[in-house]
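Colleague: One structure, as structure tokens, below. Some questions next.
Numbering (UniProt numbering), first residue to last: 1 to 384.
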């Protein structure tokens, strides 16, 4: 059995209302998904995190090193892709292209063997994962936080036990917004903040000191991902756990974070940092340093299901009789690709999401919806 074909689909969903964070504004979703078909007719799906058009070109570059290969030999295929790109793309979008292909291979492999990806990874230590709501982006440039009360209240009413909000507007504005959200959600719900590397070290220290009383579970990307030593210094200046890693690639990039004691929590995006094959290695590396791992997710439900299987396989270190809940990021911004592309739909029951137990990733892509979003992509391109 061999992989016979790779197909890419650039999907676009125009948002009804744009939103922004400390760096950029979004008016649409644009994601590249990948379909691998084997000679027995089985197929697997993957997705990459990053600029969709560039990612697609990366998949095309790697295609000759994947087509004709045995889909059960995912590590061999991964290594060939890695060798092909090593001289000119040790970080960045080509690694995301590798990731999309690798994820599709795991989905395909699971379907061929009739086993869920969690089993292929070594087994599920847990059957349910606790999602945290990623939201509270900014929607109005004159009053960025004007919708925060309604949105935060909605998450509480939906049963979320953890919420991550955006900061990065300036220390004074961030302090007021964090204070406001903590008052709305109460003391029993976890609260995390994410500045998307908006601050200098001095500013990050100042903000940490002001928001420490609000019981922040972690401060995500407080400063530029380039400054490993500054991350390490920040950790010594605050009681808030520091997290980062969505801008890192491969185990080698995460080793820089870990060897420099930069973070309390690493956050690889499996759709960018090397796929499931490399995520397994990154997890082993993190466990050897005693650092927690909570993946970054952003995109379609394909990526969320990838994270569900991966998190279910993470070891309990240290072990104890009553284990804490493991968290998964569950973006709540408008996203038709996340809500409509796959079946069954993601369901949160009693604040938890079950790990799928069907073969592969446990989902089917609705190809009518796939065509719909692909057609909208063609229309947009023709109008440029």
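Virtual Cβ for every residue (Gly too), placed ideally from N, Cα, C. Just so it is clear, the structure is predicted and the values come from calculations on it, not from any experiment.
At which residues does the beta strand (DSSP E) containing residue 130 begin and terminate?
Modeller: Here residue 130 refers to the residue found at position 130 when the chain shown is read from its first residue. Run containing residue 130: 128-134, per the beta strand (DSSP E) assignment.
Colleague: Looking at C-beta atoms only, is the number of pairs between the segment 295-315 and the segment 267-277 that lie closer than 8 Å three or more?
Modeller: Short answer: they touch.
Colleague: Measure the Cβ-Cβ separation of residue 107 and residue 45 and say whether it is below 7 Å.
Modeller: For the purposes of this step, residue 107 is taken as residue 107 along the chain shown, with counting starting at 1. For the purposes of this step, residue 45 is taken as residue 45 along the chain shown, with counting starting at 1. Yes, they are a contact pair.
Colleague: Can you confirm whether the segment 314-327 touches the segment 355-368 when touching is taken to mean that 3 or more C-beta pairs between the two stretches lie within less than 8 Å?
Modeller: The answer is no - the segment 314-327 does not touch the segment 355-368, with fewer than three Cβ pairs under 8 Å.
Colleague: In three-state DSSP terms, what is residue 248?
Modeller: By one-based count along the chain shown, residue 248 stands at place 248. Three-state DSSP puts residue 248 in coil, outside helix and strand.
Colleague: For residue 153, which residues from the same chain have a beta carbon less than 7 Å from its beta carbon, with the 5 sequence-adjacent residues on both sides left out?
Modeller: Residue 153 sits at position 153 when you count from the first residue of the chain shown. 184, listed in sequence order.
Colleague: At a cut of 8 Å, does the segment 75-88 reach the segment 27-39 through at least three beta carbon pairs?
Modeller: With a cut-off of 8 Å, the segment 27-39 and the segment 75-88 do not count as touching, because too few Cβ pairs lie within range.
Colleague: Determine contact between the segment 166-176 and the segment 56-63, defined as no fewer than three beta-carbon pairs at a distance below 8 Å.
Modeller: No, they do not touch.
Colleague: Put residue 31 into one of helix, strand or coil per three-state DSSP.
Modeller: Residue mapping note: residue 31 aligns to position 31 of the chain shown, counting from 1. In this structure, residue 31 counts as strand in the three-state DSSP scheme.
Colleague: Tell me where the alpha helix (DSSP H) around residue 217 begins and ends.
Modeller: Taking the first residue of the chain shown as position 1, residue 217 is located at position 217. Where residue 217 is concerned, there is no enclosing alpha helix (DSSP H), although the beta strand (DSSP E) it sits in stretches over 216-220.
Colleague: Using beta-carbon positions only, say whether residue 129 and residue 308 come within less than 7 Å of one another.
Modeller: Along the chain shown, read from residue 1 onward, the residue named residue 129 stands at position 129. Along the chain shown, read from residue 1 onward, the residue named residue 308 stands at position 308. A contact, by the Cβ cut-off of 7 Å.
Colleague: Give the DSSP bridge partners of residue 45, in chain order.
Modeller: Here residue 45 is taken as the residue at index 45 of the chain shown, counted from 1. Bridge partners of residue 45: 35.
Colleague: Do residue 254 and residue 279 come within 7 Å of each other at the CB atom, strictly closer than that value?
Modeller: Here residue 279 is taken as the residue at index 279 of the chain shown, counted from 1. Here residue 254 is taken as the residue at index 254 of the chain shown, counted from 1. No. Outside cutoff.
Colleague: Of the residues 65, 21, 71 and 100, which one's Cα is nearest the Cα of residue 9?
Modeller: In the chain shown, counting from the first residue as 1, residue 9 sits at position 9. It is 100.
Colleague: Which residues share a DSSP beta bridge with residue 327?
Modeller: Walking along the chain shown from the start, residue 327 turns up at place 327. Paired residue(s): 130.
Colleague: Which two residues bound the contiguous beta strand (DSSP E) that contains residue 193?
Modeller: In the chain shown, the residue the question calls residue 193 occupies position 193. 190-194 is the extent of the beta strand (DSSP E) around residue 193.
Colleague: When the distance is taken between beta carbons, is residue 196 closer than 7 Å to residue 332?
Modeller: By one-based count along the chain shown, residue 332 stands at place 332. By one-based count along the chain shown, residue 196 stands at place 196. No; because the gap between Cβ atoms is not below 7 Å, this pair is not in contact.
Colleague: Identify which residue in 79, 14 and 91 has its Cα closest to the Cα of residue 246.
Modeller: Within the chain shown, residue 246 is the residue found at index 246, counting from 1. The shortest C-alpha separation from residue 246 is found at 91.
Colleague: Return the CA-CA distance between residue 286 and residue 248, expressed in angstroms with no decimal places.
Modeller: Here the question's residue 286 lines up with position 286 in the chain shown. Here the question's residue 248 lines up with position 248 in the chain shown. Straight-line Cα distance between these residues: approximately 13 Å.
Colleague: Give the range of the alpha helix (DSSP H) segment to which residue 346 is assigned.
Modeller: For the purposes of this step, residue 346 is taken as the residue at position 346 of the chain shown. From DSSP, residue 346 is part of no alpha helix (DSSP H); its letter is neither H nor E.
Colleague: Within this structure, are the beta carbons of residue 275 and residue 47 separated by less than 7 Å?
Modeller: As a working note, residue 275 is residue 275 in the chain shown. As a working note, residue 47 is residue 47 in the chain shown. Result no, Cβ atoms of residue 275 and residue 47 do not sit closer than 7 Å.
Colleague: Would you say residue 38 and residue 1 are within 7 Å of each other, going by their C-beta atoms?
Modeller: Within the chain shown, residue 38 is the residue found at index 38, counting from 1. Within the chain shown, residue 1 is the residue found at index 1, counting from 1. Closer than 7 Å, so yes.
Colleague: Would you report the Cα separation of residue 159 and residue 352, rounded to the nearest angstrom?
Modeller: For the purposes of this step, residue 159 is taken as the residue at position 159 of the chain shown. For the purposes of this step, residue 352 is taken as the residue at position 352 of the chain shown. Going by the C-alpha atoms only, they are around 9 Å apart.
Colleague: Grab me the residues of residue 292's own chain with a C-beta within less than 6 Å of its C-beta, minus the 5 sequence neighbours each way, in chain order.
Modeller: Numbered from its first residue, the chain shown carries residue 292 at position 292. Same-chain partners within the cutoff: 265.
Colleague: Tell me the residue span of the alpha helix (DSSP H) that contains residue 174.
Modeller: In the chain shown, counting from the first residue as 1, residue 174 sits at position 174. Looking at the DSSP string, the run of the alpha helix (DSSP H) that includes residue 174 is 171-185.
Colleague: For residue 390 and residue 242, what's the separation of their Cα atoms in angstroms?
Modeller: With the chain represented from 1 up to 384, any question about residue 390 goes unanswered, as that position is not in the structure.
Colleague: So which of 234, 224, 5 and 16 has the shortest CA-CA distance to residue 70?
Modeller: By 1-based counting over the chain shown, the position of residue 70 is 70. Nearest of 234, 224, 5 and 16 to residue 70, Cα basis: 5.
Colleague: Take residue 393 and list the residues in its own chain whose beta-carbon comes closer than 6 Å to its own, dropping the five residues that flank it on each side.
Modeller: The requested residue 393 is not part of the displayed model; the chain covers only 1 to 384.
Colleague: Mind pulling the alpha helix (DSSP H) runs of 4 or more residues that sit fully within the segment 278-313?
Modeller: List check, alpha helix (DSSP H) in window: 301-313.
Colleague: Can you tell me whether residue 275 is helix, strand or coil according to DSSP?
Modeller: The residue labelled residue 275 in the question sits at position 275 within the chain shown. Note: residue 275 maps to helix in three-state DSSP.
Colleague: If you count every other CB in all the chains shown that lies within 10 Å of the CB of residue 290, and 16 or more means buried, which is it?
Modeller: In the chain shown, counting from the first residue as 1, residue 290 sits at position 290. Exposed, because fewer than 16 other Cβ atoms sit within 10 Å of the Cβ of residue 290.
Colleague: For a test of the three-state rule: what should DSSP assign to residue 168, helix, strand or coil?
Modeller: One-based indexing of the chain shown puts residue 168 at position 168. Looking at residue 168 - three-state DSSP - the assignment turns out to be coil, as it is neither helix nor strand.
Colleague: Can you list, in chain order, the residues of its chain with a C-beta nearer than 6 Å to that of residue 342? Leave out the 5 residues immediately preceding and following it.
Modeller: The residue given as residue 342 occupies position 342 in the chain shown. Correct list, in chain order: 301, 363 and 365.
Colleague: Just to confirm my understanding: we take residue 235, look at its own chain, exclude 5 residues before and 5 after, and list those with CB closer than 6 Å. What are they?
Modeller: Stepping through the chain shown from its first residue, residue 235 is reached at position 235. Around residue 235: 242.
Colleague: Does the beta carbon of residue 69 sit closer than 7 Å to a beta carbon anywhere in chain C?
Modeller: The structure shown contains no chain C; it is built from a single protein chain.
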